[in-house]
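Each residue of the sequence shown is one higher than the last, beginning at 986 in this note's numbering. C-beta: ideal position from N, C-alpha, C; glycine also.
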Amino acid sequence: MLLTRRNQDLMPSLFNELLDWSNWNNGLWNEAHHLSPKMNVSETDEAYELELCVPGLKKEDLNLSVDPDNNLVVEMVQEEKNEEKKERKYLRREFSRMQFKQMMALPENVKRDDISARVNDGILYIKLPKITDQEKKALSQSIAIS
């Protein structure tokens, strides 16, 4: 009798080779993860509340919008400063201009027109008010059948 071992793990093996998950903590993924601001998300009965850590940024450095696909878009729009100080020669220069763009799908029950935001002590606070049950009923519409 000939014993043959069959590869029972064919699909996981293919996926592991195509998507080397061990590299997700290295390289570009890791760099992009560090450039995106850390975020807290909470929910109350009235609203969703987001807090993004944006130390050193002012409101002029940030752009907040809702795109046509109902995504909340937060991006840093800080301008590059080309300040060359002639009396100073840098031996090491690690400061650089960073930029990020973060998109989050909005839940259907968010009042897009009432979204508010403010920056205070390096935190961007975004409030996403929810549509109330009464407002949902007002949005419903009956359609006549001809």
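Here GLU1045 carries a helix assignment [DSSP, helix/strand/coil].
Comparing alpha carbon positions, the residue from SER1021, GLU1072, TYR1033 and VAL1026 closest to GLU1093 is TYR1033. Distances from the alpha-carbon of VAL1039 to those of ILE1108, GLU1079 and VAL1058 put ILE1108 closest. Per DSSP, GLU1060 lies in no alpha helix (DSSP H) segment; the continuous beta strand (DSSP E) that holds it begins and ends at 1056–1061.
Per DSSP, the unbroken alpha helix (DSSP H) holding LYS1121 starts and ends at 1118–1124. DSSP, reduced to helix, strand and coil, places ARG1073 outside both helices and strands of the structure shown, so it counts as coil. It is roughly 9 Å from the alpha-carbon of ALA1090 to the alpha-carbon of VAL1058.
Scanning its chain for C-beta atoms nearer than 8 Å, with the 5 sequence neighbours on each side dropped, one finds around GLU1031 the residues PRO1114 and LYS1115, in chain order. If you draw a straight line from the Cα of GLN1087 to the Cα of VAL1104, it is about 17 Å long. DSSP, read as helix, strand or coil, puts ARG1103 in strand. Going by DSSP, LEU1037 is part of the beta strand (DSSP E) stretching over 1032–1038. When the Cα atoms are used, LYS1112 and LEU1035 turn out to be separated by approximately 6 Å. Inter-residue distance for LYS1074 and VAL1095 is about 52 Å (C-alpha atoms, whole angstroms). Considering only GLU1072, VAL1051 and MET1061, the residue with the shortest C-alpha distance to SER1101 is VAL1051.
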